[in-house]
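Visitor: Attaching a single structure in structure tokens format; questions to follow.
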Amino acid sequence: MATRDTSHLSDISKMKVESDGSFNRLSSVFRDFIQPGGKFAPEKNRYHLYVSYACPWATRTLIVRKLKGLEDIIPVTIVSPRMGNSGWPFAQVDAFPGAEVDPLFNSEHIKDLYLRANPDYDRRFTVPIIWDKKNNTIVNNESSEIIRMFNTAFNDVIPADKAAIDLYPAEHRAEIDAINEWVYPEINNGVYRAGFATTQEAYEKAVKEVFEGLDKVEKILTGKDYLVGGRLTEADVRLWVTIIRFDPVYVGHFKCNFRTIRDGYPAINMSVSVPFSDCLFPTPHYRWMRALYWKNTAFSESTDFDHIKTHYYWSHPQINGTRIVPAGPIPNIQLL
1 MATRDTSHLS DISKMKVESD GSFNRLSSVF RDFIQPGGKF APEKNRYHLY VSYACPWATR
61 TLIVRKLKGL EDIIPVTIVS PRMGNSGWPF AQVDAFPGAE VDPLFNSEHI KDLYLRANPD
121 YDRRFTVPII WDKKNNTIVN NESSEIIRMF NTAFNDVIPA DKAAIDLYPA EHRAEIDAIN
181 EWVYPEINNG VYRAGFATTQ EAYEKAVKEV FEGLDKVEKI LTGKDYLVGG RLTEADVRLW
241 VTIIRFDPVY VGHFKCNFRT IRDGYPAINM SVSVPFSDCL FPTPHYRWMR ALYWKNTAFS
301 ESTDFDHIKT HYYWSHPQIN GTRIVPAGPI PNIQLL
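Quick note: the sequence shown uses the UniProt record's numbering, first residue 1, plus one each step.
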């Protein structure tokens, strides 16, 4: 479809860094909202979600889609994790296990959808994206906004018990926003700033900030099951997608190797032991990362470690030139 060269937007090996060797993520472009009475009204089967299991930003949307019971409202298509010169491919061109064909346009790559929506688009071709089949365009490609749409926009067309789930409750919004404000630069994007740095100085600055952020999370979660208000909120979802990838990918591939989550952060991975009420022998109380994965299918069913590890180690030849995908860690996530 494209008549111009877009390889500088789709080929991650051509990704530019700042003059000091640091990585700076550009903001998303499509920022419309699905909302009652608006141009993009909430309707069943009007919208289509495109994601990668490998991408933490896209995984946010998969988790909230399932938490809110939107599976029958918003269909989803999964791309291959092997992001090559043309970006994220569909199964039409890379039939990786679990990848799917584009059911709307039989597109070969995610970039085809962007250029269909805007032939002059000049940013990276990222996931997730929400496609509107009525207006034949992308509604939004910013995951933090998509999960808030999913949280409220469809409450009138989903069961009451799902509508009652609120991941951004009014009484906790200030605290959620405050946590999101530093979790994103220090941890979510911090691991990328460390991994994509091209100078020693830029890397060391970024990796230090990653672990300063993790240390703050550890303090917040000590003795708690959730980050805010004793309940699951979007702050947990936004942080969790990075933490679940940390040991399998970011420790090795992005050189974030001060500590692993499983051995260095007991409150994030597993809390301190607490005693049985009727005996003196302590028993481990499993919280947060492992509890969300093993006890909530919205988290486990949105996570595919084969896609995650294959994407990072295969798709970044500027970091891993051999494209060998590590077998470990074993297990990818510890059992309860």
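Yeah, the Cβ is synthetic: ideal placement off N, Cα and C, and Gly gets one too.
Quick check on L335: buried or exposed, where buried means 16 or more other Cβ atoms within 10 Å of its Cβ?
Guide: What you label residue 335 is simply residue 335 of the sequence shown in a count that begins at 1. Classification of L335: exposed, given that the 10 Å Cβ count is below 16.
Visitor: Is the separation between the beta-carbon of T242 and that of I330 shorter than 9 Å?
Guide: Against the sequence shown, residue 242 aligns to sequence position 242. Against the sequence shown, residue 330 aligns to sequence position 330. Contact flag unset, no.
Visitor: Could you pull the DSSP bridge partners for T137 from this structure?
Guide: As a first step, residue 137 must be located in the sequence shown, where it is residue number 137. Beta-bridge pairing links T137 to D132.
Visitor: Answer with buried or exposed for I73, where buried requires no fewer than 16 other C-beta atoms within 10 angstroms of its C-beta.
Guide: Translated into positions along the sequence shown, residue 73 becomes position 73. It is buried - the Cβ of I73 has at least 16 other Cβ atoms within 10 Å.
Visitor: Going by C-alpha distance, which of P266, H253 and V191 is nearest L221?
Guide: Your numbering for residue 221 matches position 221 in the sequence shown. Closest by alpha carbon: P266.
Visitor: Does the beta-carbon of G87 have 16 or more other beta-carbons within 10 angstroms, so that it is buried, or is it exposed?
Guide: Walking along the sequence shown from the start, residue 87 turns up at place 87. Label assigned to G87: buried.
Visitor: Determine whether the beta carbon atoms of V29 and N155 lie at a separation below 9 Å.
Guide: Reading the sequence shown from its first residue, position 29 is the one you call residue 29. Reading the sequence shown from its first residue, position 155 is the one you call residue 155. Taking 9 Å as the Cβ cut-off, V29 and N155 do not qualify as a contacting pair.
Visitor: Please name the residue, chosen from F105, V101, V64 and W131, that lies closest to F33 on a Cα-to-Cα basis.
Guide: Counted from its first residue, the sequence shown places residue 33 at position 33. Checked all of F105, V101, V64 and W131; the closest Cα to F33 is W131.
Visitor: So, at 8 Å on beta carbons, what are the nonlocal neighbours of K255 in its own chain, with the 5 sequence-adjacent residues on each side left out?
Guide: By one-based count along the sequence shown, residue 255 stands at place 255. Result list for K255: A194, G195, Y203 and V207, in chain order.
Visitor: Less than 9 Å separating the beta-carbons of P89 and V76?
Guide: Walking along the sequence shown from the start, residue 89 turns up at place 89. Walking along the sequence shown from the start, residue 76 turns up at place 76. Result no, Cβ atoms of P89 and V76 do not sit closer than 9 Å.
Visitor: Would you report the Cα separation of V325 and P97, rounded to the nearest angstrom?
Guide: The residue labelled residue 325 in the question sits at position 325 within the sequence shown. The residue labelled residue 97 in the question sits at position 97 within the sequence shown. Going by the C-alpha atoms only, they are around 15 Å apart.
Visitor: Could you name the residues of the same chain whose beta carbon sits closer than 6 Å to that of T59, not counting the 5 residues immediately before and after it, in chain order?
Guide: Here residue 59 refers to the residue found at position 59 of the sequence shown. If we look at T59 and ignore the five residues flanking it on each side, its Cβ neighbours are V241 and S302.
Visitor: Could you give the residue range of the alpha helix (DSSP H) that holds L214?
Guide: Against the sequence shown, residue 214 aligns to sequence position 214. First-last of the alpha helix (DSSP H) with L214: Q200 to L221.
Visitor: Which partner residues of R231 appear in the DSSP bridge assignment?
Guide: Walking along the sequence shown from the start, residue 231 turns up at place 231. V228.
Visitor: Between which two residues does the beta strand (DSSP E) containing H48 stretch?
Guide: By one-based count along the sequence shown, residue 48 stands at place 48. Counting along the chain, the beta strand (DSSP E) containing H48 begins and ends at Y47 to V51.
Visitor: Rounded to whole angstroms, what's the CA-CA distance from N189 to W57? Just pull it up for me.
Guide: For this step, residue 189 is matched to residue 189 along the sequence shown. For this step, residue 57 is matched to residue 57 along the sequence shown. Computed Cα separation, rounded: 10 Å.
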